[in-house]
Amino acid sequence: MNATPIGISAIAVHQPSWELDNAWFGQAMPRKFSHHTGIEARAISLDDEVTMGIAAVRKLQRETGCNLADCRGIVFVSPSFIPASVARQHLDAAGAARERPGRAARQLVRELGLTRCRTIGINWFCCGYSRGLALVSRRWAPRLGLRRDEFVLVVVATRISRITDYSNVQTAGLFGDMASATLLAGPSNRRHPIHFEILHAAAEKQLAQKSAFDFHVRDHVPVPSPDGGTRHDDERLVYSLDGMAIAEIAPRAMSAAVAKALGESGLAGGDVNFVVPHQAGTGIVRFTGMQLEALGVRCELVNGLTRRTGNVSACSVPHALKETWSRLKGVVACPTAAVGSPGRPEVLQGCVLLRSTALHDRQATVAA
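FYI, in the working numbering the residues of the sequence shown are 13 to 380.
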């Protein structure tokens, strides 16, 4: 349990307007791709990660009326920044500097006009949201001592389209672009009351049998254009994934993260009312549910949210929470899993445990 109570008051999601349908890939798209992943389309952003993050914050302001003068800290999460080891190898000094999450976080804060605001930027790939909430709940909240109207934001912006190898049809259709902003507040906040108390938040690295993730430079890569056509990049730095390895590792990692979170929180599998996992694809989520049933977690499993978004990486859990907001009650487990550092035999796993507040339950009942 967190020593300093803090929770989620609101979530806003920004989805780019450009949607790339599976039809763009033509006959090259694997026949069972949609069946295994549930993905029929994904959004592509023409804006960079900072601009996307700002759009999510502005949407949060419109939806909640939050005053950024009350913001005490921003965690900026982006899984689409190129890791430093890869950037140093393939980019010039200026290009490598632009890939630093910390630099992007400071730029975000400046463009939002904030001055009294703690800031950090992180890239924990698909586990970025759980890592960001862990950082706030475990490190920041005890030190900040949030006052009545004050809050912290966890802003996520994923633009994996810019590092996608569209010539690799096994992985090119997996990811979509999205941004989100989550408002975290303390129990005394009356302007932005908590809907979900954070009981537990953690993310960690574990050893794997082999690396399932790396970066490569590809020549003459086809890239979609907004008019539905195709252009070609003479040279493009792209990621590569071992999809079969990920499909095997991710369900085990997410179920292990839930088991650890429950154990550290003094809860049992039967105490969980909903599981809102990282939406890596319908097949992976389904197998995660099977693993969780073996642990005694037999409750509603949120699945099928990738149809028009794709796998939105670190935005996956906040997007899923937003989509199911009024349905969620009781204890909600949100496990995540991700690749580790490029070329290393690692896997990332994390879990956030939430508990709905009495206020949320009352409002959900009225909405129903």
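Each residue gets a CB set at the ideal place from its N, CA and C atoms; glycine is no exception.
Distance CB(residue i)-CB(residue j) smaller than 8 Å
i              : j              : result
aspartate 189  : proline 289    : no
leucine 72     : alanine 22     : yes
histidine 204  : histidine 372  : no
alanine 169    : glycine 65     : yes
leucine 340    : histidine 331  : no
isoleucine 18  : isoleucine 261 : no
isoleucine 94  : glycine 322    : no
glycine 185    : arginine 54    : yes
isoleucine 175 : leucine 249    : yes
alanine 146    : alanine 215    : yes
proline 263    : threonine 294  : no
histidine 212  : glutamate 276  : yes
alanine 117    : glycine 133    : yes
DSSP bridge partner residues for residue i (one or two, in chain order)
i             : result
valine 212    : It is worth fixing the name first, because residue 212 is histidine in this sequence and not valine. BP columns for histidine 212 point to Leu365.
valine 314    : Answer is none; valine 314 lacks a bridge partner.
proline 347   : Cys363
lysine 217    : Leu360
glutamate 247 : Asp231
histidine 26  : Ala191
Reduced DSSP category for residue i - H, G, I as helix; E, B as strand; rest coil
i             : result
cysteine 83   : strand
cysteine 327  : helix
aspartate 373 : helix
Whole-number beta carbon distance between residue j and residue i, since they are thought to touch under 8 Å
i                 : j            : result
alanine 265       : valine 359   : 5 Å
valine 329        : cysteine 346 : 5 Å
phenylalanine 139 : alanine 350  : The question names phenylalanine, but residue 139 is cysteine in the sequence shown. The pair is a contact, with the Cβ atoms about 4 Å apart (cut-off 8 Å).
alanine 68        : alanine 109  : In fact, because the Cβ distance is near 24 Å, the residues do not count as touching under 8 Å.
asparagine 285    : valine 378   : At roughly 19 Å, the Cβ-Cβ gap does not stay under 8 Å, so asparagine 285 and valine 378 are not in contact.
serine 368        : glycine 342  : 6 Å
valine 383        : proline 42   : Residue 383 is absent from the structure shown; the chain starts at 13 and stops at 380.
leucine 307       : alanine 273  : Not confirmed; about 11 Å, so no contact.
leucine 120       : valine 164   : With 8 Å as the limit, leucine 120 and valine 164 do not qualify as a contact, their Cβ atoms being about 14 Å apart.
Limits of the unbroken beta strand (DSSP E) element including residue i
i           : result
serine 192  : 190–197
proline 234 : 225–236
For residue i, the first and last residue of its enclosing alpha helix (DSSP H)
i                 : result
alanine 106       : 105–110
glycine 140       : 140–146
phenylalanine 294 : One point to set straight first is that residue 294 is threonine, not phenylalanine, in the sequence displayed. Here the alpha helix (DSSP H) through threonine 294 covers 294–306.
glycine 77        : Run containing glycine 77: none; DSSP gives neither H nor E here.
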